[in-house]
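Just so you know, the sequence shown maps onto residues 26 to 237 in the numbering used here.
Quick notes on the structure that follows.
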Amino acid sequence: MLTLYGHPISSYTWKALIALYENDTPFEAVTIDQDTYADFIALWPLGQFPALRDSASNAFVTETSCIIEYLDTRYPGPSRFIPRDSAEALEARRWDRVFDNNINTMMSKVVVDRIRPEGSKDPYGVEDARRRVRAAYEVVERQLGANTFIVGEAFTLADCAAAPALWYATRNVPLENKFPRIAAYLERLISRPSFDRVLREKEPLFHLYPGD
Ligand SMILES: N[C@@H](CCC(=O)N[C@@H](CS)C(=O)NCC(=O)O)C(=O)O
């Protein structure tokens, strides 16, 4: 049995959920909250989520990119997240890093700053994070070209990363009509059944998200 430890409004949890939903992979979800946090820290002292436990192999996998590769290897389904061609696989892994490092994590800096106590806010760090997200929009817009998904016509690991990263980032660092390919790509991701399911399930909890 697979167990996913995560949180319903966490962007990285969404990334792993998209991969699980793509192939209808059975799993149970454990929400990390005040009641479960101590148990989770005992399992994974770094405290970052999501994490995947597989009781069949006794594996405990962290880092969403590794969780998705694990699913692709151990629980393959119709959606293959790592392309078979090694050059295409490299591109999928590369764009996965761009969405995580330059958009998702930067966007989190902008959002987390809103709930920091007065006196510990970091306006310089927030402005730098916004600048990095805008720079990433430039490269993603260029990369998309006529592609349906970020590395071509197939939905890959990198699109699992892109969906929550762009969904949250565009609410915090708007596209301002400058990135029409990203806007259209995000619409394609939103209409993908796996991501549509994540959004419909989590919508009742969106009010927990620290908005402007
Ligand atoms: N590189 C990690 C990032 C995971 C991450 O930053 N998760 C956030 C939740 S969306 C988190 O754990 N935040 C709490 C913390 O960093 O302590 C991954 O891909 O899994």
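Backbone N, C-alpha and C fix where the C-beta goes; we use that ideal spot for every residue, glycine too.
Extent of the continuous alpha helix (DSSP H) to which residue i belongs
i: A179; result: First-last for A179: undefined, no H or E at that position.
i: D138; result: T130 to R139
i: F65; result: Y62 to L68
i: V198; result: Counting along the chain, V198 falls outside any alpha helix (DSSP H), and DSSP gives it neither H nor E.
i: A209; result: P205 to I215
i: G150; result: P148 to L169
i: T38; result: S36 to E47
i: T98; result: T89 to R99
Beta-carbon separation (whole angstroms), residue i vs residue j, contact threshold 8 Å
i: F231; j: I34; result: 7 Å
i: I175; j: A183; result: 5 Å
i: T50; j: F106; result: Not quite, the Cβ-Cβ distance comes to about 12 Å (not below 8 Å), so this is no contact.
i: S36; j: A190; result: 7 Å
i: L45; j: L29; result: 7 Å
N- and C-terminal bounds of the beta strand (DSSP E) containing residue i
i: T56; result: E53 to T56
i: R78; result: A76 to D79
i: F220; result: No beta strand (DSSP E) holds F220; the alpha helix (DSSP H) holding it covers P218 to K227.
i: L115; result: Segment S111 to R122 is the alpha helix (DSSP H) holding L115; no beta strand (DSSP E) there.
i: G31; result: L27 to G31
Check: residue i C-beta below 7 Å from any heavy atom of ligand 1
i: Y149; result: no
i: F74; result: yes
i: S145; result: no
i: T38; result: yes
i: T87; result: yes
i: D97; result: no
i: D79; result: no
i: D184; result: no
i: D125; result: yes
i: F90; result: In the sequence as displayed, the identity of residue 90 is Ser instead of Phe. Yes; taking the cut-off as 7 Å, the Cβ of S90 has a heavy atom of ligand 1 nearer than that.
i: S104; result: no
i: S111; result: no
i: S219; result: no
i: S35; result: yes
Residue of the options minimising C-alpha distance to residue i
i: R156; options: P229, R217 and L200; result: L200
i: L217; options: S104, E53 and A76; result: The sequence shown places Arg at residue 217, rather than the Leu named in the question. Nearest of S104, E53 and A76 to R217, Cα basis: S104.
i: H32; options: V123, P75, N172 and R139; result: P75
i: F52; options: D79, P70 and A67; result: D79
i: E228; options: W192, L29 and T181; result: W192
i: I43; options: L233, P235 and I215; result: I215
i: N127; options: R213, V164 and D64; result: V164
i: K203; options: G236, L96, Y95 and R167; result: R167
i: V282; options: E152, A54 and R122; result: The displayed coordinates of the chain run from 26 to 237. Any statement about residue 282 would go beyond what the structure contains.
i: D110; options: G170, A179, L169 and G72; result: A179
| Counting Cβ pairs, one atom from each stretch, are 3 or more of them under 8 Å apart for the segment 155-167 and the segment 213-224? | Contact between the segment 155-167 and the segment 213-224 is absent, because fewer than three Cβ pairs lie under 8 Å.
| Sufficient close CB pairs (3 or more, under 8 Å) joining the segment 123-135 to the segment 100-115 | Per the Cβ contact rule, the segment 123-135 is not in contact with the segment 100-115 (fewer than 3 Cβ pairs under 8 Å).
| task | Please confirm if the segment 139-153 is in contact with the segment 73-84, defined as three or more CB-CB distances below 8 Å between the two stretches. | result | They do not touch, by the three-pair rule.
| Can we say the segment 51-60 touches the segment 108-123, given the rule of at least three CB pairs closer than 8 Å? | The segment 51-60 makes no contact with the segment 108-123, as fewer than three CB pairs between them are under 8 Å.
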